[in-house]
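Q: Below is the structure I would like to discuss, written out as structure tokens.
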Amino acid sequence: MKRKTLYQLFIHGFLILSVFIIAFPVLYALITSTLSFSDAFSYPPKLVPGRHFFENAAEAWNRVHMGRLMFNSAVVSVSVAVVKIILSLMAAFAYTHFRFRGQGLLFALCMVTQMLPLPVRIVPTFELMRAFGWIDTYWALTVPFFASTTGILLFRQFFLTVPRDLSDAARVDGAGPMRYFFQILIPISKTNIAALFVIEFIFMWSQYLWPLIVTNSREMRVVQIGLKMLLASEQQAPEWNVIMAGTVIAMLPPLIVLIIFRRSFAQGIAMQTEK
Amino acid sequence: MPQDRFPGHRLLPYLLVFPSLAVIVVFLIIPFIQSVKMSFYKMSPFGTRLIYVGFDNYRQLFSSPDYLHSVVITLIFSVFVILVGLGLSLAIALALNQRIRGKGFYQVALIWTYALSPAVAGTIWALMFAPATGIMPYIISKLSGGYKLNWMTNPTVALLVVSAAATWKMLGYNIVFYIAGLQNVPGELLEAARVDGAGPWQTFWRVTFPMLSPTTTFLLFVNMLYAFFQVFGLIDIMTRGGPGNATEILVYKLYRDGFIHLKSGYAAAQSFVIFIVIAVLAVLQLRVATRKAVYAR
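These protein sequence lines map, in sequence, to chains V and F. Heads up, the first sequence is in this note's numbering, so the first residue is 1 and it goes up one at a time. Heads up, the second sequence is in this note's numbering, so the first residue is 276 and it goes up one at a time.
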């Protein structure tokens, strides 16, 4: 009995230490975002929050036009996540419910995406954007991301488990494939759709390299680049209190999305790892 | 093999896959082929035309000490991120898998950093390690009796701090997948091992770890892609490849050569080398994943 409690204590200790390691940097950032400029430079460093968060946030907001940057990031993240979900649903439906010529080849082509991340084709993709006249537009920030191996695989794996009876019943009732797709298949995929939304939203919100090279006006920058602008806008020592206030603002939207959809997200991940 | 659940609709499946395939062909496959072609060309001095140079770009690449240095840095960095990251995450997920109170709290408290971007992680770690004002140099100075840690001037420390920041950012993601993977390890199997007299250590290495191998291979691949590419934002915010070129990993060098120095042929050759590495690893991952899946059944 005693040994068991000791063991439990050890596990709790280890987990609390882990939570601390994971949370500490963000807590420290939060505290810094509430300090005045002079407190942010005190030595030893302050670990007690101040009262200047809104002041710092307003300063960061104005300095790099964060309103516009946040708006751009939101447009890009939401539109890519939504289009990716729609395209993946369609492709997964085709690959699991039909038999057609060239199916294997076309499926392999979709899987190739995994092997061609941006850096492997970055210069010509950039030149393509220039040829299309897409530099500094939402098109460049979104369209090249529309296809998703993750999405197709996730939905395919789920669709394969949908019993044949369901589609047969639909057919007997006189429903065509598209009606079955919209009225049965999509509604029962809700959890997976939410999970994919979380994954893709966070993925797009975090994009950095591509927005850095395909945008150059202040109006089209995204919030990740805003962090770089905040850090670089300093002449002398970095104003950590202002920078951290900006950082806190930049990390909120994906956190909120993750919290709202956390159930579906966890279930979706569990489904994906199931074999 | 998928069944034909709606026979007679011949055109429909093509229409359904068309949008995905169009994006893949136009924005992925064609640019990739162009990139391979470009790696055999060089821009003329005035940028007016392309000159075919054969394998010159590749020869230049592999005789460049800067590039070879970048290869070594990338290796050290990704091995650190993968080994430390996966090791820690697995240990944490295993602890979470025990019968303990407060599981729900721990789960949320351990995975929420998944939502942070590499650039955000970079900014926060730059704050923590800020030479004169950060908390970490302060703690280290107190513990060591006055050592002044400055990652902005010391190449080894810089690489270490950047690696630690990158590893920290991925913990949430890795833990999510290990938790899910552990849920798929059948309880009866662990029970059977216990009945047969296996200790916890043995049970882990003989049962749990092999059963987790699909998750581990998947995470290996994802973490490698992360350490190779997605950390770009973190590096750009924290060090811009410096001090000197101490943290200039391959993707950063590629960015510099392609978009700052505008040597597109040279950059394209770098892209192709990176592709070879990914392709080999992707095939390996696929083979391991499919073999283990069968084995696990």
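Where a beta carbon is used, it is the ideal one built from N, C-alpha and C, also for glycine. Just so it is clear, the structure is predicted and the values come from calculations on it, not from any experiment.
1. Excluding the 5 residues preceding and the 5 following V:S88 in the sequence, name in chain order all residues of the same chain whose CB lies nearer than 6 Å to its CB.
2. For the candidate residues V:A94, V:M271, V:V112, V:T215, whose alpha-carbon lies nearest to that of V:L280?
3. Compute the distance between the beta-carbons of F:T349 and F:F503, then report whether it is under 8 Å.
4. For V:F145, I'd like the list of residues in its chain whose CB is within less than 6 Å of its CB, leaving aside the five on either flank, ordered along the chain.
5. Among V:M70, V:S36, V:Q272, which has the Cα closest to the Cα of F:F493?
6. If we require 4 or more residues per run, which alpha helix (DSSP H) segments fall completely within the segment 337 to 373 of chain F?
7. Compare the C-alpha of V:F203 against each of F:V460, F:A557, F:Y413, F:A390 and name the closest.
8. So with Cβ pairs under 8 Å, would you call V:S206 a contact of chain F?
9. Indicate whether at least one CB of chain F lies closer than 8 Å to the CB of V:I11.
10. Alpha carbon to alpha carbon, what distance is there between F:V292 and V:P177?
11. Can you give me, in chain order, the residues of the segment 117 to 138 of chain V that have a beta carbon less than 9 Å from any beta carbon in chain F?
12. Thinking just about the alpha-carbon of each residue, which of F:R334, F:F479, F:S353, F:K312 is nearest to the one in F:L365?
13. Identify the continuous alpha helix (DSSP H) that holds F:I535 and give its terminal residues.
14. Does the segment 510 to 524 of chain F come close enough to the segment 108 to 115 of chain V that 3 or more CB-CB pairs lie under 8 Å?
15. Which runs of the alpha helix (DSSP H), 4 residues or longer, sit entirely within the segment 413 to 461 of chain F?
16. Is the beta carbon of V:M90 sitting closer than 8 Å to the one on F:P294?
17. Thinking C-beta only, is F:H284 closer than 8 Å to V:F181?
18. Rounded to whole angstroms, what is the Cα-Cα separation between V:Q267 and V:T191?
19. Is F:Y501 helix, strand or coil when you go by DSSP?
20. CA-CA distance, V:A58 and F:W387?
21. Classify F:V555 as buried or exposed, calling it buried when 16 or more other Cβ atoms lie within 10 Å of its own Cβ.
22. Return the chain-ordered list of same chain residues with a C-beta closer than 6 Å to the C-beta of F:V432, the five sequence neighbours on each side being excluded.
23. Tell me where the beta strand (DSSP E) around F:Y316 begins and ends.
24. Using a Cβ-Cβ cut-off of 6 Å (strictly less than) and excluding sequence neighbours within five positions of F:N332, which residues of its own chain qualify?
25. Are V:N241 and V:L116 closer than 8 Å when you measure CB to CB?
26. Mind checking whether F:S345 and F:M499 have CB atoms under 8 Å apart?
27. Taking the continuous alpha helix (DSSP H) assigned at V:Y95, which residues delimit it?
28. Whose C-alpha, out of F:G409, F:T491, F:G508, is nearest the C-alpha of V:Y43?
29. Between the Cα of V:G246 and those of V:F265, V:N62, V:D39, spot the shortest distance and give me the residue it belongs to.
30. Could you check whether the Cβ of V:P44 sits closer than 8 Å to any Cβ belonging to chain F?
31. Would you mind sorting F:V609 into buried or exposed? The rule is 16 or more other CB atoms within 10 Å of its CB.
32. Does the beta-carbon of F:R572 have 16 or more other beta-carbons within 10 angstroms, so that it is buried, or is it exposed?
33. Are the C-beta of V:T5 and some C-beta of chain F separated by less than 8 Å?
34. Residue range of the alpha helix (DSSP H) that F:Y327 falls in?
35. Along the chain, which unbroken stretches of the beta strand (DSSP E) at least 3 residues long are found entirely within the segment 239 to 271 of chain V?
36. Return the CA-CA distance between V:V281 and V:G67, expressed in angstroms with no decimal places.
A: With the given structure in hand:
1. S148, G151, I152, F155
2. Outside the displayed span of chain V (1 to 275) sits residue 280 of chain V, for which this structure offers no information.
3. yes
4. V80
5. V:Q272
6. 340 to 371
7. F:A390
8. yes
9. yes
10. 15 Å
11. P117, L118, P119, V120, R121, I122, V123, P124, T125, F126, E127, L128
12. F:F479
13. Per DSSP, F:I535 belongs to no alpha helix (DSSP H) and is neither H nor E.
14. no
15. 430 to 458
16. yes
17. no
18. 7 Å
19. helix
20. 26 Å
21. exposed
22. W426
23. 316 to 318
24. S314, G540, Y541, A544
25. no
26. no
27. 66 to 97
28. F:G409
29. V:N62
30. yes
31. Because chain F is modelled from 276 through 572, residue 609 of chain F falls outside the range shown and cannot be assessed.
32. Caution is warranted here: a pLDDT of 33 is assigned to F:R572, below 50, making its placement in the model unreliable, and the coordinate value is therefore given only provisionally. By the neighbour-count rule (16 or more Cβ atoms within 10 Å), F:R572 is not buried but exposed.
33. no
34. Note, F:Y327: premise wrong, no alpha helix (DSSP H); beta strand (DSSP E) at 325 to 327.
35. none
36. With chain V running from 1 to 275 in the structure shown, residue 281 of chain V is simply not present.
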